[in-house]
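Q: Residues in the sequence shown are numbered from 243 upward in steps of one, following this note's numbering.
Structure in structure tokens, see below.
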Amino acid sequence: MLGELSEAGQILKSALERYYNACAAVESYCHENEPSTTDSGRIFDELTFVRGLINTLIKAKISIKYSCNSSRHTVPINRLPYEIFIYILNLAIASGHEACKQHKSPYCYNPIHRQPETFASVCVRWRKLVLRCPTFWSRIDLAHTNQKGRKFVPRARLWAERSGSCPLDVRIAVRSYKYSSTTVSTNFLPSIASRELGSLSFILQGVNNIKEDSFFHQYLSNWEPGTLQKLVVEKTSLLDRSSRLIRSTDGGTHQDSQSYLRIDLPHEHLEAFWRPIKILRLYGMYIDWGSQAYHGLVELSLISSQGTYVNIATISESQLKAILTSSPGLRIFRFGLKVLPDISLTLPAGSTVEPVQLDDLQILDVDLQPRTEKSLPYILRWVSPGSKPLMLLLPRCHGSISESDLITQNRPEIDTFLRRAKVTELCIYTRAASIDWLLSLVPDLRTLSVSLGSISGNLVLTDECELSLSIPANTIDKLCTISSHLQMSSFSQWLSRLPPIGQLVFWSSTFIFSAGVTADAAKLLNHPQLLNICPDVKVSCEKLHSIIGLEPPRGYTY
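What follows is the structure, given as structure tokens:
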């Protein structure tokens, strides 16, 4: 075989050299003589012949390239064992999904989610390996739009076939003003009705004009209950006037219809559909608070929609307590709703509530905004973490009271919470004169992200009355200042009181000097007052959530 290739190559080389010489001779002749009509026609026909040769050579080149790419010797990655190779491709695919978090358009429109197709077109070997791994094809993207939705269905059918018996990861994007359901509901959903459903995610943009009840009905009735592990509903409408709770038409009364999205399915069917869920992320639309969807969770996100200007999502203390009690194994809890006190109002004076013990909790993200900021003390009262390291993300806003902040207003609750938690990562926004009291309560702290605000720009970071507080001497691996206006002398003094700092990171921060002069932190990386305290000083231009480990305000669908 290779001998034939070498022999044919030598013959081709000699023939091409001879052919080129003949073409050059014709060119010289035409420069000196006027070719006849017959000769001109013959030369023109030769041009068509040359194009055919070029196409044949291109095909030969493609074959040789595929052969080279399939070789374990010329392409080092092909020497890897199958399992390691597939693991690397899985990492690449996961990072691609992770990179698509900007919901300027529904995430399933992004071609980065079609990476398996790209990998399969590299070479024959890659194609065979990728097609052997059904999990690569289990992600199904659907779009309910007139223009683009139809293009997703053929690919979804093909991917569903290639995924074999793997549970499907179905993701649906909806835009109200382009809403169309016919193609998806008639041409695709029936074809996968018998498949196991691993996860189901919705991004609903401007969906206040569509019939939400029939939309959810066609999906929730398509599969048999029992396999769903992850459910995401993310509603991002700037026009909608309410945050509704999903409920069966035969469950409860029919009063206050604007507060409920009633789906025409039996209550038992919906509860059986929700029951296996372990990861539940709800943004702007929620499931009835008494549902078994909140039982046995390991991750729960209840985030308020930015667009609900009239009716904001609310939950009572007793409902919150019941949810936490029903999921004692929670590892991640993100919360941003308005809590309505009912238990606290009935407590005798001086009494406290008994918090719910969450021994496995690793992330507590209190993602509040001005309309929900009063919920902070209730969350801190009802959550009691275990002994595992905890990332605590307090509200990423200073609060609506200009002369104060949420940290100062809720100091007793924060104090009590920190004493029963092992916080290793902490994010706070504060206008307070000092946070030494807070740092004295987190002996295991490794990462601190802080936004320091000041009305006058003359921030004093240490109160005289708190100088006696003992800040733990353990090393802080990273300190990040966020959108802060700092006075160099006060900031340096405060840093000198902290434990040793491994790295100091500035994000969108400026310094104020005694003469009122301001300077961007990027210009002060080599300032002696900073380098004397921390030799590793940097300014970051990365997105904020990637620096301090936060999720973006949206994007919980990943």
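Positions of the beta carbon are idealized from the N, C-alpha and C atoms, including for glycine.
Quick one: what does DSSP say H727 is sitting in, helix, strand or coil?
A: Of the three classes helix, strand and coil, the one that applies to H727 here is strand, per DSSP.
Q: Mark N700 as exposed unless 16 or more other C-beta atoms lie within 10 angstroms of its C-beta, in which case mark it buried.
A: Any reading at N700 must be qualified, since the residue scores a pLDDT of 46, below 50, and its modelled position is unreliable; the value itself is stated next. With fewer than 16 other Cβ atoms within 10 Å, it is exposed.
Q: Can you give me the start and stop residues for the beta strand (DSSP E) that V759 sits inside?
A: No beta strand (DSSP E) contains V759, which DSSP labels as neither H nor E.
Q: Closer than 7 Å by C-beta to Y262: which residues in its own chain qualify, once you throw out the five before and the five after it? Chain order, please.
A: If we look at Y262 and ignore the five residues flanking it on each side, it has no Cβ neighbours.
Q: Go ahead and label D584 buried or exposed: buried means 16 or more other beta carbons lie within 10 angstroms of its beta carbon, across all protein chains shown.
A: Its Cβ having fewer than 16 others within 10 Å, D584 is exposed.
Q: Within this structure, are the beta carbons of F444 and V395 separated by less than 7 Å?
A: No.
Q: Assuming P518 and L572 make a contact with CB atoms under 8 Å, what is their CB distance in whole Å?
A: P518 to L572, Cβ: 16 Å. No contact.
Q: Which class does T556 belong to by DSSP, given the choice of helix, strand or coil?
A: DSSP places T556 in strand when its eight states are reduced to three.
Q: Please tell me whether T555 and S485 are closer than 7 Å, where the distance is taken between their beta carbons.
A: The displayed chain sequence assigns Ala, not Thr, to residue 555. Contact: yes.
Q: Let me check understanding here. Comparing Cα to Cα, which of A385, S456 and W401 lies closest to A415?
A: When only C-alpha atoms are compared, the closest one is A385.
Q: Alpha carbon to alpha carbon, how far is R623 from V595?
A: So the alpha carbons of these two residues sit roughly 7 Å apart.
Q: In terms of alpha-carbon separation, which member of S309, P597 and D609 lies closest to F577?
A: Out of S309, P597 and D609, D609 has the C-alpha closest to the C-alpha of F577.
Q: By the DSSP assignment, the alpha helix (DSSP H) with Y461 in it spans what residues?
A: Start and end: E454 to L462.
Q: I believe S405 touches P376 by the beta-carbon criterion, under 8 Å. Please report the beta-carbon distance rounded to the nearest angstrom.
A: Yes, they are in contact, since the Cβ atoms of S405 and P376 sit about 5 Å apart, within 8 Å.
Q: Applying the criterion that 16 or more other CB atoms from any shown protein chain within 10 Å of the CB defines a buried residue, is Y324 buried or exposed?
A: When all chains shown are included, Y324 counts as exposed.
Q: Below 7 Å between beta carbons: does that hold for T614 and S543?
A: Result no, Cβ atoms of T614 and S543 do not sit closer than 7 Å.
Q: Buried or exposed: where does C310 fall if 16 or more other Cβ atoms within 10 Å of its Cβ makes it buried?
A: Exposed, by the Cβ-count rule.
Q: What did DSSP end up calling G440 once you bin it into helix, strand or coil?
A: Strand, per DSSP.
Q: Can you check DSSP and say which residues form a bridge with Y502?
A: Note: Y502 sits in a beta bridge opposite L487.
Q: Assuming F753 and L773 form a contact by the criterion Cβ under 8 Å, report the distance between their Cβ atoms to the nearest whole angstrom.
A: No, F753 and L773 are not in contact; Cβ-Cβ is about 14 Å, not under 8 Å.
Q: Within a Cβ cutoff of 8 Å, which residues of the same chain sit near I319, ignoring the five residues on either side of it in sequence?
A: The residues are F327 and I330.
Q: Would L618 and V598 qualify as a contact pair, given that the criterion is a beta-carbon distance under 7 Å?
A: Not closer than 7 Å, so no.
Q: Does DSSP classify T588 as helix, strand or coil?
A: The answer is helix: DSSP assigns T588 an H, G or I state.
Q: So, F515 versus P467, is the Cβ gap smaller than 7 Å?
A: The answer is yes: Cβ separation under 7 Å.
Q: For a test of the three-state rule: what should DSSP assign to P804, helix, strand or coil?
A: Only positions 243 to 800 of the chain appear in this structure, which leaves residue 804 out of reach.
Q: State the Cα-Cα distance for the pair R796 and K520, rounded to the nearest angstrom.
A: Since pLDDT at R796 reaches only 44, below the 50 mark, its modelled position is unreliable, and the value read off the structure follows with that caveat. Computed Cα separation, rounded: 20 Å.
Q: What residues in its chain sit with their C-beta under 6 Å from that of T806, if we drop five residues either side in the sequence?
A: The structure shown does not extend to residue 806, since the chain is modelled only from 243 to 800, so the question has no answer here.
Q: Based on Cα-Cα distance, which residue from P654, K780, L410 and L681 lies nearest to V665?
A: That would be L681, whose Cα lies nearest to the Cα of V665.
Q: Would you decide whether R417 is buried or exposed? Buried here means 16 or more other CB atoms lie within 10 Å of its CB.
A: Counting Cβ neighbours within 10 Å, R417 comes out buried, since at least 16 surround it.
Q: Are the beta-carbon atoms belonging to L690 and L660 less than 7 Å from one another?
A: Taking 7 Å as the Cβ cut-off, L690 and L660 do not qualify as a contacting pair.
Q: Going along the chain, which residues of its own chain have a beta-carbon closer than 6 Å to the beta-carbon of F457, five neighbours each way excluded?
A: The answer is none, since no qualifying residue turns up.
Q: Assign A257 to buried or exposed, taking buried as 16 or more other Cβ atoms, counted over all protein chains shown, within 10 Å of its Cβ.
A: Answer is exposed; the Cβ neighbour count stays below 16.
Q: Can you check the region 590–653 for any beta strand (DSSP E) of at least 3 residues that lies completely inside it and give the ranges in chain order?
A: Here the runs fully enclosed are 598–600, 605–608, 625–627 and 632–635.
Q: Express the C-alpha separation of R367 and Y800 in angstroms, rounding to a whole number.
A: Bear in mind that the predicted position of Y800 carries a pLDDT of just 37, short of 50, making it too unreliable to give a figure here.
Q: If you follow the alpha helix (DSSP H) that S681 is part of, which residue opens it and which one closes it?
A: Contrary to the premise, residue 681 reads as Leu rather than Ser in this sequence. Unbroken alpha helix (DSSP H) run through L681: D678 to L681.
Q: Straight-line CA distance for M243 to T290?
A: Computed Cα separation, rounded: 31 Å.
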